[in-house]
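If you read the protein sequences in the order shown, they are chains D and X. All letters in the first sequence, in the order written, are residues 3 to 97 by our numbering. All letters in the second sequence, in the order written, are residues 565 to 759 by our numbering. Yeah, the Cβ is synthetic: ideal placement off N, Cα and C, and Gly gets one too. To start, the structure under review is shown below, and the notes come after it.
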Amino acid sequence: MVNQAEEKIRELFEGTIDFKGQDHVESTIHYWLIITTAVSFVVGLAFQDISYTFKLFFGSSALLALYVVPPWPFLTRNPVTWLPEMPPSHTKKSQ
Amino acid sequence: MTMHSVYQRVNNLSAFLSTCLFTLAALITATTFILQPTSEAVSQGSLLSVEHGSIKSRRTGYYGKLHDTVDLNFNVTADLSPIFHWNTKQLFVYITADYEHNSEAKGGRKIIDNTVVIWDRIIRDKESARLNLLNQRPKYPLRDYSKSWDNALPAHYTLHYDVMPYVGILTSGTAGQTTKASNFPTTKKAKAKTW
Numbered sequence: 003m004v005n006q007a008e009e010k011i012r013e014l015f016e017g018t019i020d021f022k023g024q025d026h027v028e029s030t031i032h033y034w035l036i037i038t039t040a041v042s043f044v045v046g047l048a049f050q051d052i053s054y055t056f057k058l059f060f061g062s063s064a065l066l067a068l069y070v071v072p073p074w075p076f077l078t079r080n081p082v083t084w085l086p087e088m089p090p091s092h093t094k095k096s097q
Numbered sequence: 565m566t567m568h569s570v571y572q573r574v575n576n577l578s579a580f581l582s583t584c585l586f587t588l589a590a591l592i593t594a595t596t597f598i599l600q601p602t603s604e605a606v607s608q609g610s611l612l613s614v615e616h617g618s619i620k621s622r623r624t625g626y627y628g629k630l631h632d633t634v635d636l637n638f639n640v641t642a643d644l645s646p647i648f649h650w651n652t653k654q655l656f657v658y659i660t661a662d663y664e665h666n667s668e669a670k671g672g673r674k675i676i677d678n679t680v681v682i683w684d685r686i687i688r689d690k691e692s693a694r695l696n697l698l699n700q701r702p703k704y705p706l707r708d709y710s711k712s713w714d715n716a717l718p719a720h721y722t723l724h725y726d727v728m729p730y731v732g733i734l735t736s737g738t739a740g741q742t743t744k745a746s747n748f749p750t751t752k753k754a755k756a757k758t759w
């Protein structure tokens, strides 16, 4: 029983997600941060106020972290389907 | 790059975030070169006039030694508000007295480029950047390294500014200069006592 609890805690801290989820996370991070940089730069330049730029940038990055870092259910929808177990093979070579 | 665990996702996110932040800083610095006016543009319409008073002997400096200090008052009118764009954090403005020594007559060397700061101020916003000061006394006493003014040629006064950006390179310029030089008053030396 204790082992099961340990396993659960370990899983929680590792927060593993499946491979489709990993692809999604990687492209989301790239697109989101590039767009955030561009938008925060333009907004600050237009209003001539640099605090807008950095507030937008870090606020947007915090939202991204919230979306990407925790192992949400929508990132674990496609677990790897392993092949069924093979019967044990013969270790001795037949002469 | 794998995004297997929480740690790896945080790591990847912060790495790309740092790259984007650095790019943003470079972009902001680039706009500064376009938005910031030149010294010539800022000096348009600025006036600086200085009147020398008498010389008094005062104790100044860290060691409290006696120096001959020149009393003066100055008027300055300058509009530095065009320098305030989105990347300007604050301006440091200061007025210097620039003069030369001439001790050739006494067999000494002519020393050039004495520069003494007599007044400074930190300006943090656009409204305060419109300077209009009359009959100001200097903030720091006008004293000479040699402690006397006998060999000093007439002085010009210049208004300088240093621009401190939020992100980027520290730049400086001048925003005005006196048009006519101010003579230093002659000191009457008391006779040296001989025993």
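(request) Starting from N696/X, follow the beta strand (DSSP E) in both directions and report where the run begins and ends. (result) Run containing N696/X: R694 to Q700, per the beta strand (DSSP E) assignment.
(request) Name the one or two DSSP bridge partners that W683/X has. (result) Answer by DSSP bridge pairing, in chain order: I659/X.
(request) Give the DSSP-derived three-state secondary structure of K653/X in the structure shown. (result) DSSP places K653/X in strand when its eight states are reduced to three.
(message) DSSP three-state label for S746/X, please.
(response) Look at S746/X here: in three-state DSSP terms it is strand.
(message) Please identify the residue among T750/X, H649/X and T742/X whose C-alpha is closest to the C-alpha of A642/X.
(response) In terms of Cα proximity to A642/X, the closest of T750/X, H649/X and T742/X is T742/X.
(message) Only counting the same chain, and skipping five residues up and downstream in sequence, which positions put a Cβ closer than 7 Å to that of S645/X?
(response) In its chain, beyond the 5 residues on either side, K690, A693 and R694 have a beta carbon closer than 7 Å to the beta carbon of S645/X.
(request) Determine the burial state of G740/X: buried for a count of at least 16 other Cβ atoms within 10 Å of its Cβ, exposed for fewer. (result) Burial call: buried.
(message) Please report whether the beta-carbon of T39/D lies at a distance below 8 Å from any beta-carbon of chain X.
(response) The C-beta of T39/D comes closer than 8 Å to at least one C-beta of chain X.
(request) For the beta strand (DSSP E) holding N639/X, just list the boundary residues, first then last. (result) That run of the beta strand (DSSP E) goes K629 to D643.
(request) Pull up the distance between the alpha-carbon of W650/X and that of V570/X, whole angstroms please. (result) W650/X and V570/X have their C-alpha atoms some 37 Å from each other.
(request) Would you tell me roughly how many angstroms separate the C-alpha atoms of L581/X and S29/D, rounded to the nearest one? (result) Their backbone Cα atoms lie some 14 Å apart in a straight line.
(message) Please confirm whether E28/D has its beta-carbon closer than 8 Å to some beta-carbon of chain X.
(response) Output row for E28/D: interface = yes.
(request) Answer with yes or no whether the minimum CB distance from V82/D to chain X is below 8 Å. (result) Output row for V82/D: interface = no.
(message) Please identify the residue among G609/X, A589/X and T750/X whose C-alpha is closest to the C-alpha of N715/X.
(response) Checked all of G609/X, A589/X and T750/X; the closest Cα to N715/X is T750/X.
(message) My output table needs one value for H724/X: the three-state DSSP class, helix, strand or coil.
(response) It is a strand residue.
(request) Could you say which of T38/D, L47/D and L85/D lies nearest to L58/D if we only look at CA atoms? (result) That would be T38/D, whose Cα lies nearest to the Cα of L58/D.
(request) Give the interface partners of L66/D over in chain X, defined as CB-CB distance under 9 Å, in chain order. (result) Going along chain X in sequence order, the residues near L66/D (Cβ under 9 Å) are L577 and L581.
(message) For a contact defined as C-beta to C-beta under 9 Å, what are the partners of K16/D on chain X?
(response) According to the sequence displayed, residue 16/D carries Glu and not Lys. Going along chain X in sequence order, the residues near E16/D (Cβ under 9 Å) are H568, S569, V570 and Y571.
(request) List the endpoints of the continuous alpha helix (DSSP H) containing H568/X. (result) Unbroken run through H568/X: none, as it is neither H nor E.
(request) Taking S29/D as part of the beta strand (DSSP E), name the residues at either end of that continuous run. (result) No beta strand (DSSP E) holds S29/D; the alpha helix (DSSP H) holding it covers F21 to F49.
(request) Tell whether a beta-carbon distance below 8 Å holds between T722/X and T660/X. (result) Contact flag set, yes.
(request) Using 10 angstroms around the beta-carbon of H32/D, count the other beta-carbons present and answer buried if the total reaches 16, otherwise exposed. (result) Looking at its Cβ environment, which holds fewer than 16 other Cβ atoms inside 10 Å, H32/D is exposed.
(message) Rounded to the nearest angstrom, what separates I592/X and K620/X at their Cα positions?
(response) So the two alpha carbons sit approximately 50 Å from each other.
(request) Quick one: give me the first and last residue of the beta strand (DSSP E) that S621/X is part of. (result) Residues L611 to T624.
(message) Using a Cβ distance threshold of 8 Å, determine whether the stretch 5-12 of chain D contacts the stretch 52-70 of chain D, with at least three qualifying pairs required.
(response) Taking a contact to require three or more Cβ pairs closer than 8 Å, the stretch 5-12 of chain D and the stretch 52-70 of chain D do not qualify as touching.
(request) Measure from the alpha carbon of W683/X to the alpha carbon of each residue in Y704/X, R622/X, M567/X and N699/X, then state which is nearest. (result) Proximity to W683/X across Y704/X, R622/X, M567/X and N699/X peaks at Y704/X, based on C-alpha coordinates.
(request) Please confirm if the stretch 598-610 of chain X is in contact with the stretch 720-737 of chain X, defined as three or more CB-CB distances below 8 Å between the two stretches. (result) Note that the stretch 598-610 of chain X touches the stretch 720-737 of chain X; at least 3 beta-carbon pairs, one per stretch, sit closer than 8 Å.
(message) Using CA atoms only, rank isn't needed, just tell me which of T595/X, F597/X, N747/X and H720/X is closest to D662/X.
(response) Out of T595/X, F597/X, N747/X and H720/X, H720/X has the C-alpha closest to the C-alpha of D662/X.
(message) Quick check on the DSSP output: the alpha helix (DSSP H) that includes Q6/D runs from which residue to which?
(response) Counted as a single uninterrupted DSSP element, the alpha helix (DSSP H) harbouring Q6/D occupies residues V4 to E16.
(request) Could you tell me the distance, in whole angstroms, from the CA atom of N666/X to the CA atom of Y709/X? (result) The alpha-carbon of N666/X is positioned some 14 Å away from that of Y709/X.
(message) One question on the structure: do F27/D and L77/D come within less than 8 Å of each other, judged by their Cβ atoms?
(response) First, the amino acid is wrong: residue 27/D is Val here, not Phe. Taking 8 Å as the Cβ cut-off, V27/D and L77/D qualify as a contacting pair.
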